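Working notes for the structure below.
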Amino acid sequence: MNRRSKLPKAPEAKERPQLHSDVTPKAREMWDGAIKAADVSEDDNVINILDAIGYDWWTDSGTTAKRINAALKYIGRDNDVIVNINSPGGDVFEGLAIYNLLREHKGKVTVRILGIAASAASFIAMAADELQIARAGFLMIHNSWTIAAGDRNDLRDVADFLEQIDGTIADVYHVRSGIDAGELATQMDTETWISGKTAVETGMADGFLDSDIITKDEDTKNTSNAVRKIDKLMAMQGIPRSERRELIAEIKQGTQDAAQPGMHDATEIPQDLINDLRAVAAKFEQLNA
1 MNRRSKLPKA PEAKERPQLH SDVTPKAREM WDGAIKAADV SEDDNVINIL DAIGYDWWTD
61 SGTTAKRINA ALKYIGRDND VIVNINSPGG DVFEGLAIYN LLREHKGKVT VRILGIAASA
121 ASFIAMAADE LQIARAGFLM IHNSWTIAAG DRNDLRDVAD FLEQIDGTIA DVYHVRSGID
181 AGELATQMDT ETWISGKTAV ETGMADGFLD SDIITKDEDT KNTSNAVRKI DKLMAMQGIP
241 RSERRELIAE IKQGTQDAAQ PGMHDATEIP QDLINDLRAV AAKFEQLNA
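Residue numbers are given in full-length UniProt numbering: position 193 of the sequence shown equals residue 193, and the series is strictly consecutive.
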C-alpha cells in the first residue's frame with residue numbers, strides 16, 4: 001500500500017457557470033515564474049507544473065487536468081513520476097482533478113516544490129509519496145477563492161458548495177501531515193504561507209531539495225512581470241478587466257505576427273513583447289503621476 005492510498009479522494013466537482021476561479025493577488029505577486037528545475041528534461045518521467053492551474057490568460061498557458069492525464073498516460077500508469085511545481089495556484093476545479101490523477105497513479109509519485117505551491121497547487125502537491133521542497137520555497141493554503149455572480153440564493157449555494165470543498169482540502173492536508181484539522185481550517189481561513197523549513201518540521205513536506213536542482217529562466221520572468229504591470233496600471237485607470245484582456249491580447253498578437261520566419265514560437269523572442277508593454281506602461285504611469 002502506497003502512502004497516497006490513505007489520502008481522501010477529492011470530489012469530482014464540475015465548474016459552475018456563475019463561478020470563476022483565479023490566482024489571488026498576493027500569490028501572483030509572490031510567484032517567480034523564472035524558477036524551474038535545472039535537471040530537466042531528458043527524462044521521460046518528469047511532469048512540470050510551472051504556471052497557473054487551469055488556463056492562465058496572462059501567459060496564454062496553464063496546467064490543466066487534460067494535460068496531466070495525457071502526460072501520465074505517456075509515462076505509463078505503473079511507472080514512477082517526478083512532478084516539479086512552481087505555481088501560484090488558480091482553478092480549484094482543475095486542481096482537484098489533477099490531485100485525483102496523481103493520487104490514483106500506480107507508480108511512485110515524487111513532488112518537488114521548486115518555488116511556491118500556492119492555493120490549488122498546494123493540495124496537488126499533497127498527492128505525493130515523497131514531497132521535497134526548496135529551503136526558500138513556500139506552500140500557501142487558504143479557502144477556495146472564486147469570483148461568483150448571481151442573486152442571494154445563488155451566492156448562498158456557492159458558499160455552501162465551497163465549504164464542502166474546503167473541508168475536503170483541509171482533510172487532505174491533515175492526512176498528509178498529521179496536523180489537527182481544526183488548526184488547518186483556521187490557517188486556511190486566514191491564508192497562511194508555510195516556509196520550506198516549517199513544511200518539513202510539521203510534516204507537510206518530507207525533506208529539502210538540493211539547491212543545485214533549481215535554476216531560473218529570466219526571459220519567462222520578464223514577460224510575465226511586464227504583463228502583470230500593464231494590467232495593474234490599466235486597472236488603476238478604471239479600465240474593465242475584459243477590456244484589459246483585449247488590449248493585452250492585441251499587443252501579444254502584434255508581437256507574434258512580427259516574429260521572424262522560422263521561429264517555432266513567438267516566446268523565443270519575448271523582448272519585443274516586453275518593449276511594447278513597457279511603452280504602454282510608461283504612458284499609464286504618466287497618467288497616474
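A virtual CB, placed ideally from N, CA and C, is assigned to each residue, including glycine. If you're wondering where the values come from, they're calculated on a predicted model, not measured in any experiment.
Inset, instruction - List the residues that DSSP assigns as beta-bridge partners of N84. - result: N48 and R112
Legend entry - Pairwise C-alpha distance: V172 and A125: 10 Å
Inset, instruction - Pull up the distance between the alpha-carbon of G238 and that of R244, whole angstroms please. - result: 10 Å
Inset, instruction - Would you tell me roughly how many angstroms separate the C-alpha atoms of T120 and M204, rounded to the nearest one? - result: It is Ala, not Thr, that sits at residue 120 in the sequence shown. When rounded, the distance between both Cα atoms is 15 Å.
Inset, instruction - Buried or exposed for P8, please, with buried defined as at least 16 other CB atoms from any protein chain shown within 10 angstroms of its CB. - result: exposed
Legend entry - Nonlocal neighbours in the same chain, by C-beta distance under 7 Å from R3, ignoring five residues either side: D129
Inset, instruction - Work out the CA separation of A127 and R103 for me, nearest whole Å. - result: 5 Å
Inset, instruction - Give the range of the beta strand (DSSP E) segment to which M140 is assigned. - result: F138 to I141
Inset, instruction - Provide the residue span of the alpha helix (DSSP H) that contains K73, from first to last. - result: A65 to I75
Legend entry - Length of the line joining the Cα atoms of K6 and E94: 21 Å
Inset, instruction - Determine, using beta-carbon pairs with one atom in the region 61–80 and one in the region 139–148, whether at least three such pairs fall under 8 Å. - result: no
Legend entry - Beta-carbon proximity of R112 to A37, cut-off 8 Å: yes
Inset, instruction - Would you mind working out which of E191, L247 and K73 sits nearest I141, comparing C-alpha positions? - result: E191
Legend entry - Distance, F161 Cα to D154 Cα: 10 Å
Inset, instruction - Take D210 as the anchor and find which of E246, E250 and A134 has the nearest alpha-carbon. - result: A134
Inset, instruction - Go through its chain and collect everything with a Cβ distance to D44's Cβ below 8 Å, but skip five positions before and after it. - result: Y74 and I75
Inset, instruction - Figure out for me which residue from S122, S177, T168 and E29 has the closest Cα to the Cα of I85. - result: S122
Inset, instruction - Count the other C-beta atoms from every protein chain shown that fall within 10 angstroms of the C-beta of E12, then say buried if there are 16 or more, exposed otherwise. - result: exposed
Inset, instruction - Note down, one range per segment and in chain order, each alpha helix (DSSP H) of at least 4 residues found wholly within the region 154–223. - result: 181–190 and 196–202
Inset, instruction - Could you please give me the residues that DSSP links to G95 through a beta bridge? - result: Per DSSP, none; premise fails for G95.
Inset, instruction - Quickly, what does DSSP pair T146 with across the bridge? List them, please. - result: S21
Inset, instruction - Quick one: residues in its chain with C-beta nearer than 7 Å to the C-beta of T168, no 5 flanking neighbours on either side, listed in chain order? - result: P8, A10 and P11
Legend entry - I35, enclosing beta strand (DSSP E) - first and last residue: I35 to A37
Legend entry - P88 burial status per 10 Å Cβ neighbour count (16 or more: buried): buried
Legend entry - V200 versus S177: straight-line alpha-carbon distance, rounded: 9 Å
Inset, instruction - Report yes if the CB atom of I47 is closer than 8 Å to the CB atom of V83, and no otherwise. - result: yes
Inset, instruction - Within its chain, find whatever has a CB closer than 7 Å to the CB of Q187; leave out the 5 residues flanking it on each side and keep chain order. - result: I141
Legend entry - Option nearest S195 by Cα separation, candidates L50, F208, E246 and A185: F208
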